[in-house]
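For the record, the sequence lines run as chains Y and V. Under my numbering, read the first sequence as residues 1 to 332, first letter to last. Under my numbering, read the second sequence as residues 1001 to 1289, first letter to last. Inspection log for the structure reproduced underneath, given as structure tokens.
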Amino acid sequence: MGTIQLKQITKTFENTQVIPPLDLTINDGEFVVFVGPSGCGKSTLLRLIAGLEDVSSGDIQINDKNVTHSPPSERGLAMVFQSYALYPHMTVRKNIAFPLKMAGMDQARIKEKVDSAAEVLNLTQYLDRRPGQLSGGQRQRVAIGRAIVREPRAFLFDEPLSNLDAALRVNMRREIIDLHRDLKTTMIYVTHDQVEAMTMADKIVVLNGGVIEQVGSPLELYSKPRSRFVAGFIGSPKMNFFPGKIIGNEAYEVGVRPEHLSVVHEAGDMSGIVKSAEHLGSDTYIRVEVEGADEINVRISGDAEIHYGNTVQLKVAGPIHTLDQTGLVTSN
Amino acid sequence: MSTTHSKSAAKLMLSPSVILLFLWMIVPLCMTLYFSFLRYNLLKPGTKWFGFKNYYYFVTDPSFMEAMVNTLYLVGGVIFITIVGGVLLGLLLNKDFWGRGIVRLLVIAPFFVMPTVSALVWKNMFMNPVNGLFAYAAQFFGTEPIDFFAHYPLATITGIVAWQWLPFATLILLTALQSLDQEQIEAAEMDGANAWHRFWHIIVPHLARPITVVILIETIFLLGIFAEILVTTNGGPGNESTNITYLIYRLVRLGFDAGGGAAGGIIAVILANVVAIFMMRLIGKNLDH
Ligand SMILES: Nc1ncnc2c1ncn2[C@@H]1O[C@H](COP(=O)(O)OP(=O)(O)OP(=O)(O)O)[C@@H](O)[C@H]1O
Ligand SMILES: [Mg+2]
């Protein structure tokens, strides 16, 4: 059981305010992802929740109890660090057992819990090794093991997969999702990778310069972004933005996702010259130079016979997001 | 870099300096060994084969056992003080506080003072029972000044030497502390470890290796402590502050017994090696992983 509420919290380092007043509620059992570009304050926010940094003002509540001034150990949260932060001189068993030992649990119970955690994480055969003798993915699992044995109210992950190679990252992502489904414990997960955010989250929190741009489910953010920032951040390839008048819309600017454009043979909404075509087999990504707009990305079917230098007609075949001068979305 | 070819070239290039260093060590050692089997008194002309008698007399001299024990106390005491003090100072200097740069400099300063000078300064300016600073302090508080060198000669010398070696230990342990991953400490904090547990379970194991290095290096140097004893107590009163090195000095320079001194020297070399091997066995496993 773990609900976390942030009420008007701020964080100032020396003279720079990294987090302006911020409110957020994280419900019990939710998988929440903080996503945003580098330096936007994701780690800082996570560390504030963990208690590793003190808030400059505002309140943090866990399960309706004010923990703003409690040390990390009293908040009942477990954290998995980007560097894993395993204890190098302890065996895997001792690493996983450490929080239990600190809690004063008896040896027999510790052994039982460590064994079952190792079982879940496929670490049984490595229990007597030291972290230095493990691969990156195995270390990651040990770090997760150390977090789950405590049965915390919530897990905090700070970019836990960024040190792994692409294939392993996809695997571990799945394992964490499964873990969440089994444990049903609240998880807060920090990443700057929007694909990770989209695939894992129940709720995504998009941060920009310490400010929450939008909170919502992956599909909400995809289909109803509130600002140009969110619209551009979520989805790959990025949403196209161009002046509304190009397609006869009176809005200052419009946004259309690459997958919501199609190439047509008759006259479309706009035309341009293909600057590049990436044939991935499943899809084809083309970059089209349209007069009056930046280059426009289009995602079309994999068998499209379109090449560099072709002139193509583009038609909008999906939702158009209109924006005003300040970068706010006015309609989706 | 490490092809067979480059390795043998490297060996060839290194050989002159290695040979020189080897000669540098082996020639005096052989001469000492040779003298240790001679009856060789600087006041009497001529030498004579003496067998193991020099060794016999050196080892059965009652001063020998005292000097042995004193040596162990001195080395052990200094190592203990410098390790404990070094860890504490290292922890302190690793924290952010106003004026840290200057404090660091001050802590390191004693290392740059020559042993003779520092011993004399301690003896004459601080510990002199009449004019020393401590005597003044004692008088100020209305107590009897302590005559350190007369009453606690070995402990006092241990203190002085520890003062000189504290910067070395602090420096090594401080750099080790700085290399400790901060996230490990934070992880331990999240895991519910209090300050003592973090120190004991995270910091101390992290320091095991540098502590081993400090102990090994200090042992090697401290077995040969001499200047501090010479300028303060001359090994006295009685034999109370005589270590092996000083005992050998006394034999040769005050007793003019070059043969006996040489035998003592060889015994000291053997002792040093025994201690070094013992230490390596005992704590050297810390250096493995
Ligand atoms: N201890 C600190 N002192 C001063 N400024 C800090 C400190 N920690 C972080 N900052 C600043 O706060 C801002 C947010 O940092 P934070 O580490 O939270 O970013 P992030 O979103 O996690 O980025 P990344 O994706 O690169 O990890 C940055 O501009 C950073 O320079
Ligand atoms: Mg970060």
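We put the beta carbon where it would ideally sit given N, CA and C, even for glycine.
Give me the residue from the options with the minimum Cα distance to residue i.
i, options, result
"residue 76/Y", "272/Y, 153/Y, 244/Y and 23/Y", "153/Y"
"residue 1109/V", "1163/V, 1190/V and 1070/V", "1163/V"
"residue 1033/V", "1044/V, 1050/V and 1042/V", "1050/V"
"residue 129/Y", "143/Y, 91/Y, 106/Y and 113/Y", "91/Y"
"residue 1149/V", "1229/V, 1021/V, 1260/V and 1116/V", "1229/V"
"residue 1167/V", "1137/V, 1093/V and 1058/V", "1093/V"
"residue 324/Y", "267/Y, 249/Y and 279/Y", "249/Y"
"residue 164/Y", "212/Y, 227/Y and 84/Y", "84/Y"
"residue 227/Y", "236/Y, 207/Y and 169/Y", "207/Y"
"residue 230/Y", "169/Y, 175/Y, 270/Y and 35/Y", "35/Y"
"residue 370/Y", "221/Y, 271/Y, 162/Y and 168/Y", "The requested residue 370/Y does not occur in the structure, where chain Y is confined to residues 1 to 332."
"residue 98/Y", "1194/V, 1281/V, 1220/V and 1223/V", "1194/V"
"residue 293/Y", "273/Y, 197/Y, 95/Y and 24/Y", "273/Y"
"residue 303/Y", "312/Y, 157/Y, 278/Y and 144/Y", "278/Y"
"residue 1198/V", "1091/V, 1020/V, 1132/V and 1142/V", "1091/V"
"residue 1114/V", "1134/V, 1026/V, 1176/V and 1160/V", "1160/V"
"residue 195/Y", "19/Y, 218/Y, 44/Y and 68/Y", "218/Y"
"residue 1205/V", "310/Y, 166/Y, 251/Y and 89/Y", "89/Y"
"residue 1047/V", "1257/V, 1278/V, 1281/V and 1253/V", "1257/V"
"residue 221/Y", "50/Y, 43/Y, 65/Y and 332/Y", "332/Y"
"residue 1255/V", "1044/V, 1022/V and 1010/V", "1044/V"
"residue 1270/V", "1282/V, 1223/V and 1246/V", "1223/V"
"residue 22/Y", "95/Y, 37/Y and 48/Y", "48/Y"
I need the DSSP call for residue i, collapsed to helix, strand or coil.
i, result
"residue 227/Y", "strand"
"residue 332/Y", "coil"
"residue 125/Y", "helix"
"residue 265/Y", "coil"
"residue 1041/V", "strand"
"residue 1198/V", "helix"
"residue 1245/V", "helix"
"residue 317/Y", "coil"
"residue 184/Y", "coil"
"residue 1289/V", "Annotation note: pLDDT 49 at residue 1289/V (below 50); position unreliable, no value reported."
"residue 1005/V", "helix"
"residue 243/Y", "strand"
"residue 277/Y", "strand"
"residue 26/Y", "strand"
"residue 12/Y", "strand"
"residue 1105/V", "helix"
"residue 1020/V", "helix"
"residue 287/Y", "strand"
"residue 5/Y", "strand"
"residue 258/Y", "helix"
"residue 1131/V", "coil"
Does the beta-carbon of residue i, which I'm using as the reference point, lie nearer than 6 Å to any heavy atom of ligand 2?
i, result
"residue 43/Y", "yes"
Our contact map puts residue i next to residue j with C-beta atoms below 8 Å; I'd like the distance itself, whole angstroms only.
i, j, result
"residue 1208/V", "residue 1082/V", "Incorrect: roughly 16 Å between the Cβ atoms, too far for contact."
"residue 1/Y", "residue 1192/V", "With a Cβ gap of about 19 Å, residue 1/Y and residue 1192/V do not count as contacting."
"residue 275/Y", "residue 295/Y", "6 Å"
"residue 1240/V", "residue 1145/V", "In fact, because the Cβ distance is near 20 Å, the residues do not count as touching under 8 Å."
"residue 114/Y", "residue 93/Y", "6 Å"
"residue 24/Y", "residue 156/Y", "No, residue 24/Y and residue 156/Y are not in contact; Cβ-Cβ is about 14 Å, not under 8 Å."
"residue 1180/V", "residue 1086/V", "With 8 Å as the limit, residue 1180/V and residue 1086/V do not qualify as a contact, their Cβ atoms being about 15 Å apart."
Does the beta carbon of residue i fall short of 6 Å from some heavy atom of ligand 1?
i, result
"residue 39/Y", "yes"
"residue 13/Y", "yes"
"residue 18/Y", "yes"
"residue 307/Y", "no"
"residue 260/Y", "no"
"residue 192/Y", "yes"
Ligand 4 heavy atoms versus the CB of residue i: any closer than 6 Å?
i, result
"residue 1201/V", "Of the ligands this structure carries, namely ligand 1 and ligand 2, none is ligand 4."
(request) Pair every Cβ in the segment 1038-1050 of chain V with every Cβ in the segment 1259-1275 of chain V, then say whether three or more of these pairs are closer than 8 Å. (result) yes
(request) Check whether the segment 47-58 of chain Y touches the segment 104-117 of chain Y, taking contact to mean three or more Cβ pairs, one atom from each stretch, closer than 8 Å. (result) no
(request) Inspect the CB distances between the segment 276-286 of chain Y and the segment 183-198 of chain Y and report whether three or more fall short of 8 Å. (result) Inter-segment contact for the segment 276-286 of chain Y and the segment 183-198 of chain Y is absent: fewer than three beta-carbon pairs are separated by less than 8 Å.
(message) I'd like to know if the segment 1212-1231 of chain V and the segment 1114-1121 of chain V are in contact, where contact means that at least 3 CB-CB pairs between them fall below 8 Å.
(response) Touching, per the Cβ criterion.
(message) Tell me whether the segment 1211-1219 of chain V and the segment 1181-1190 of chain V touch, counting them as touching only if at least three CB pairs, one residue from each stretch, are closer than 8 Å.
(response) no
(message) Check whether the segment 4-21 of chain Y and the segment 170-185 of chain Y are in contact - that is, three or more C-beta pairs closer than 8 Å.
(response) no
(message) Whether or not the segment 31-47 of chain Y and the segment 197-204 of chain Y are in contact is what I'm after, with contact meaning three or more pairs of Cβ atoms, one per stretch, closer than 8 Å; do they touch?
(response) yes
(message) Is it the case that the segment 61-81 of chain Y contacts the segment 138-151 of chain Y, given that we only count it when at least three CB pairs across the two stretches are under 8 Å?
(response) yes
(message) For the segment 1096-1105 of chain V against the segment 1121-1140 of chain V, do three or more pairs of beta-carbon atoms, one drawn from each stretch, fall closer than 8 Å, so that the two count as touching?
(response) no
(request) Give a yes or no on contact between the segment 1003-1013 of chain V and the segment 237-245 of chain Y, applying the rule of three or more CB pairs nearer than 8 Å. (result) no
(request) Specify whether the segment 1243-1253 of chain V and the segment 1058-1070 of chain V touch according to this definition: at least 3 beta carbon pairs, one from each stretch, less than 8 Å apart. (result) yes
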